[in-house]
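In what follows, a single structure is set out as structure tokens and then discussed.
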């Protein structure tokens, strides 16, 4: 998911250093400040961000259940 988001951004000339923490910090900024992204692209990025966060939540729940 992270690589998909980074690739989507890179295809539009927005580079984000690797690492989930960096992307988590930069993505909200990109979504609010990037005038180079059309509304549809921002919506897609928002959906990808929501899926990424949901997956992280599910992994945390499974890890808590397993321990």
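In my numbering, the protein residues as written are 1 to 67. Just so you know, even glycine gets a beta-carbon here, dropped at the ideal spot from N, CA and C. Just so it is clear, the structure is predicted and the values come from calculations on it, not from any experiment.
Checklist entry - By DSSP, does residue 55 sit in helix, in strand, or in coil? => result Looking at residue 55 - three-state DSSP - the assignment turns out to be helix.
Next on the checklist: Let me confirm a value: residue 5 is counted as buried when at least 16 other C-beta atoms fall within 10 Å, else exposed. Which label applies?
Outcome noted: By the Cβ neighbour-count rule, residue 5 is buried, with 16 or more other Cβ atoms within 10 Å of its own.
Checklist entry - Applying the criterion that 16 or more other CB atoms from any shown protein chain within 10 Å of the CB defines a buried residue, is residue 30 buried or exposed? => result Buried, since its Cβ has 16 or more Cβ neighbours within 10 Å.
Next on the checklist: Using 8 Å for Cβ pairs, my map puts residue 40 next to residue 12. What's the rounded Cβ distance?
Outcome noted: No, residue 40 and residue 12 are not in contact; Cβ-Cβ is about 12 Å, not under 8 Å.
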